[in-house]
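Just below is one structure, and these are the notes that go with it.
Protein chains: 2
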Amino acid sequence: MGIRVKILGSNSAAPAHRRNQTSQLVNVEGRFYLIDCGEGTQLQLKRFRIRAQRINNIFISHLHGDHYLGLMGLLSTMHLLGRKKALNLYGPQGLSEIITLQLKHSETVFNYELNFHPIDTKVNKVIHEDEFIRVHSIPLNHRIPCSGFLFEEKPKKRRIIKEMIPADFSVRNIVRLKNGEDIEGEDGEIQFKNEEYTHPPKKSFSYAYCSDTKYDESILPYIKEADMLYHESTFLEEHASRAANTYHSTAKEAATIALKANVGKLLLGHFSIRYKELEPIQEEAQTVFENSALAIEGEEYVLDF
Amino acid sequence: MGIRVKILGSNSAAPAHRRNQTSQLVNVEGRFYLIDCGEGTQLQLKRFRIRAQRINNIFISHLHGDHYLGLMGLLSTMHLLGRKKALNLYGPQGLSEIITLQLKHSETVFNYELNFHPIDTKVNKVIHEDEFIRVHSIPLNHRIPCSGFLFEEKPKKRRIIKEMIPADFSVRNIVRLKNGEDIEGEDGEIQFKNEEYTHPPKKSFSYAYCSDTKYDESILPYIKEADMLYHESTFLEEHASRAANTYHSTAKEAATIALKANVGKLLLGHFSIRYKELEPIQEEAQTVFENSALAIEGEEYVLDF
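Residue numbers (the numbering used here), protein chains in the order written: chain P, 1 to 305; chain Z, 1001 to 1305.
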């Protein structure tokens, strides 16, 4: 399955030109991870027929409203619709305070466990790990504490060549082959040499999400050779000084980061409300990094074969 | 102009069946007042081409998310789009805490004055007054502190009968006639008897908003003979026990309040997500109070001649 990134919103600051504020659904092997949650994200999930209750991990980059004001509504709806399953929430420390205060005033206690994991936005470290992926924080350079996220698929198992396997082969030995082991016969000699009975594992993909940030090469080591990079490109170069003042990036800067990090593909997003048409943003990025695409609401960007 | 009430959302709890959460725009003589502000209200304003910056007074009934989670986004967008004009915000005390905390973490200072007026949700009193209206709080009976609102047009001026007025009549005397005075001639005798030169003023309308609340007759004195009453009707009678347990009302209960308060018209809203079709709610109310209507998103309900 690889990694599938569905854009739920890619606007900055305020909704405009039928573009919602930032949110993305990352799907790895059918597991749903939500990155950021601008106002109306729960409506976008409904619109794209995505079952919110399948989300078990939510990552919030920072506490500007366009990245998290839809969170409280989403968490409440999960509660009201009967969620019992625990939910992991990753974000800056203040997020927990905000949620706690809102729950206090609404006199609400969720029926599910909300496990809050504060992110130290100054360091690059593994903040989440499960069967399929590791998520690393990426320290970004924004007006307020802000973290990007690298989603990295774990190494996958070797793939059995079915027609080579005897009918009475044990499950245990299949697992061993998938793990790359050779299988010995009763005489202790190698009977099934791994490379003859398996194909190499499928590639493990990686996806880096960097929003919001000014141009800053210090992130390069953390996103080096990612298969896909979402990098904010709030402005065009003609508004470069505005970008610098507000700790945002231009499309050209995003593309320069993509080029220097040698990523596979660049996704551009977090568009300023001043731009109704987005093509110039893509064109500007492509002058530096050819494989640049716009993050369009409702579109899915797939890392797979 | 009278009073015009535009429904921006009339669902309870969570958005469902293409119905948004609670919000209404009250328009009195071209002045915009917002009641409640569920998530996505700013999107609804855009959808219905209502200029958010024209809103100068916002009233929040209580701190359940479906009534206020769109507020922070709306206030932020007003700021980002350059608002300079002061805004009055009326709501339970905790609302100010929540906004202050969110502004702190986003390190944002609005460019406009946000004047917060805490509502004592236990008393009936005038909380807002301007040239055209008075707004009274209505203590409601809900799980958490909650206030309804009575919008009451101030008495209007008498209307000049233009064809009766001499061409050289002074502006000052016109104002006096509008205020109901007779005008004396130089000899001190009444020269222009008010009732001969003016029609009576147009009727002053009143609109009562009661959401959320369980059935409670103690509100009757505060909403008596309102021209229009919005009363929550979250449930049908078949779910009356659920209504009672959650401090909500049924359609029949809303209609009973309307009947006992002798209001002109009843608007039903705050529909449970369990009802896809709303006609049964209207039909149930009409068995008790004939002039009952559903509060439908995008529709405007007008009190005028």
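All residues carry an ideal CB built from backbone N, CA and C; glycine is no exception.
Using DSSP with H/G/I as helix, E/B as strand and the rest coil, what is P/M228? It is a strand residue.
Along the chain, which unbroken stretches of the beta strand (DSSP E) at least 3 residues long are found entirely within the segment 147-172 of chain P? 147-153
Checking contacts by CB at 8 Å: is Z/A1244 closer than that to chain P? no
Can you give me the C-alpha to C-alpha distance between P/I60 and P/L75, rounded to a whole angstrom? 13 Å
Let me check understanding here. Comparing Cα to Cα, which of Z/F1305, Z/E1189, Z/T1234, Z/S1249 lies closest to Z/F1205? Z/F1305
Just by C-beta distance, which residues in the segment 113-127 of chain P are closer than 8 Å to chain Z? none
As assigned by DSSP and simplified to three states, the class of Z/L1236: coil
Could you list the residues in the segment 1086-1111 of chain Z with a C-beta less than 7 Å from some C-beta on chain P, going in chain order? G1094, E1097, I1098, L1101, Q1102, H1105, S1106, E1107
I need the DSSP call for Z/L1140, collapsed to helix, strand or coil. coil
Residues of the segment 137-153 of chain P whose Cβ lies closer than 7 Å to any Cβ of chain Z, in chain order: R143, I144
Endpoints, beta strand (DSSP E) assigned at P/L71: Careful: P/L71 lies outside any beta strand (DSSP E), inside the alpha helix (DSSP H) at 71-80.
Quick check on the burial criterion: 16 or more other C-beta atoms within 10 angstroms. Buried or exposed for Z/G1185? With fewer than 16 other Cβ atoms within 10 Å, it is exposed.
At a CB distance below 8 Å, what residues from the segment 70-84 of chain P approach chain Z? Give them in sequence order. Within the segment 70-84 of chain P, G70, M72, G73, S76, T77, L80, L81 place their CB atoms closer than 8 Å to a CB of chain Z, listed in sequence order.
Same chain, Cβ closer than 6 Å to P/I55, neighbours up to 5 away in sequence not counted: Non-local C-beta neighbours of P/I55 in its own chain, meaning closer than 6 Å and more than five positions away in sequence, comprise F32, L34, ordered along the chain.
With 8 Å as the threshold, decide whether the Cβ of P/E290 is near any Cβ in chain Z. no
I want to verify the contact list: residues of chain P whose CB lies under 9 Å from the CB of Z/A1014, in sequence order. Q42, G73, S76, T77, L80, L81
If we ignore side chains and look at the alpha-carbon of each, how far apart do P/S356 and Z/K1085 end up? Lying before the first or after the last residue shown, residue 356 of chain P is absent from chain P, which here runs from 1 to 305.
Pair every Cβ in the segment 1137-1157 of chain Z with every Cβ in the segment 1194-1214 of chain Z, then say whether three or more of these pairs are closer than 8 Å. yes
Among Z/K1156, Z/N1194, Z/E1277, which one has its Cα closest to the Cα of Z/F1132? Z/K1156
On the CB-based measure, 16 or more other CB atoms within 10 Å of its CB, does P/L220 come out buried or exposed? exposed
Residues within the segment 18-41 of chain P neighbouring chain Z, beta-carbon criterion of under 7 Å: E39, G40
Determine, for Z/G1065, whether the minimum Cβ-Cβ distance to residues of chain P falls below 8 Å. yes
Below 8 Å on the Cβ atoms is my guess for Z/I1144 versus Z/H1136; work out the distance and round it to an integer in Å. The pair is not a contact, with the Cβ atoms about 20 Å apart (cut-off 8 Å).
Whole-angstrom distance between Z/G1298 and P/G30, CA atom to CA atom: 38 Å
Beta strand (DSSP E) containing P/Q191: first to last residue? From DSSP, the beta strand (DSSP E) with P/Q191 extends over 190-192.
Within 10 Å of its beta-carbon, does P/R172 have 16 or more other beta-carbons around it, so buried, or fewer, so exposed? Under this definition P/R172 is an exposed residue.
Look up Z/P1118 in the DSSP assignment and say whether it is helix, strand or coil. strand
Suppose contacts are defined by Cβ-Cβ distances below 8 Å. Is Z/V1288 in contact with Z/A1255 by that definition? yes
Buried or exposed: P/S170, going by 16 or more other Cβ atoms within 10 Å of its Cβ? By the Cβ neighbour-count rule, P/S170 is exposed, with fewer than 16 other Cβ atoms within 10 Å of its own.
Just the C-alpha distance for P/G2 and P/L71, rounded to the nearest angstrom, thanks. It is roughly 26 Å from the alpha-carbon of P/G2 to the alpha-carbon of P/L71.
What does a CB cutoff of less than 8 Å around P/T77 pick up in its chain, not counting 5 residues either side in sequence? Closer than 8 Å at Cβ, skipping near neighbours: Q42, A52.
Can you tell me whether P/T213 is buried or exposed? The criterion is at least 16 other CB atoms within 10 Å of its CB, across all chains shown. buried
If you measure between the beta carbons of P/L87 and P/I58, is that distance less than 8 Å? yes
P/F48: which of P/Q24, P/N11, P/R134 sits nearest, CA to CA? Nearest option by C-alpha distance: P/Q24.
DSSP-derived helix/strand/coil call for P/S10: coil
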